[in-house]
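Comments concern the structure below.
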Amino acid sequence: MFLVNSHIIKMAAMLKPNAEYNRRAAIIEGLRAGRSATEIIRFFGYPRSTVHDVVVKYPASEQSNEDSNLNPMDYYVWSVVERVTNKSRHPNVTSLRTAIQAAFVGMDSATLQRACERFRQRIETVIQANGRYIE
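As numbered in this note's numbering, residues -6 to 128 make up the sequence shown, in order.
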């Protein structure tokens, strides 16, 4: 029993997103929202090489945001980020950017897992609706 539990704990530690993972997720979300690499660099202040690496590896086919029914990041994850950043007033854009970055870096892996679990149900609902709009 102890071996199973220690194995699960090790796997959970491996799955916990790090700052680099969250930075890449933020860049991908920027791309999915239709932002250019230059806009992402300016907004987040990430190094050009980091943004370029993600843009090159991220398929252009995934950058379009045509099916909003199947986009949990736009609705769930951004609402979590918005809730965190709106807890306090930001005197300037730099403060807001820092809060957004901190929200992505500090996002709990359990939160992301719940979003993914709900996403499967949403896919099944869209399939049942033959791709039509769903609530």
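All C-beta atoms in this analysis are idealised placements derived from N, C-alpha and C, irrespective of residue type, glycine included. Just so you know, these numbers come straight off a predicted model, no measurement behind them.
Which of the three DSSP states is assigned to residue i in this structure?
{"i": "D101", "result": "coil"}
{"i": "Y51", "result": "coil"}
{"i": "H83", "result": "coil"}
Measuring straight from C-alpha to C-alpha, what distance separates residue i and residue j?
{"i": "R41", "j": "I34", "result": "6 Å"}
{"i": "G38", "j": "G23", "result": "13 Å"}
{"i": "A30", "j": "S72", "result": "23 Å"}
{"i": "V86", "j": "R115", "result": "35 Å"}
Starting from the C-beta of residue i, find all residues in its chain whose C-beta is less than 8 Å away, skip the five residues before and the five after it, and write them out in chain order.
{"i": "A12", "result": "V98"}
Leaving out five residues before and five after residue i in sequence, what residues of the same chain have Cβ atoms less than 7 Å from its Cβ?
{"i": "Y17", "result": "The question names Tyr, but residue 17 is Arg in the sequence shown. V47."}
{"i": "T78", "result": "L89, A92, I93, A96"}
Under 8 Å by Cβ, that's how I've got residue i and residue j pegged, so tell me the actual separation to the nearest angstrom.
{"i": "Y69", "j": "A108", "result": "5 Å"}
{"i": "I20", "j": "V44", "result": "6 Å"}
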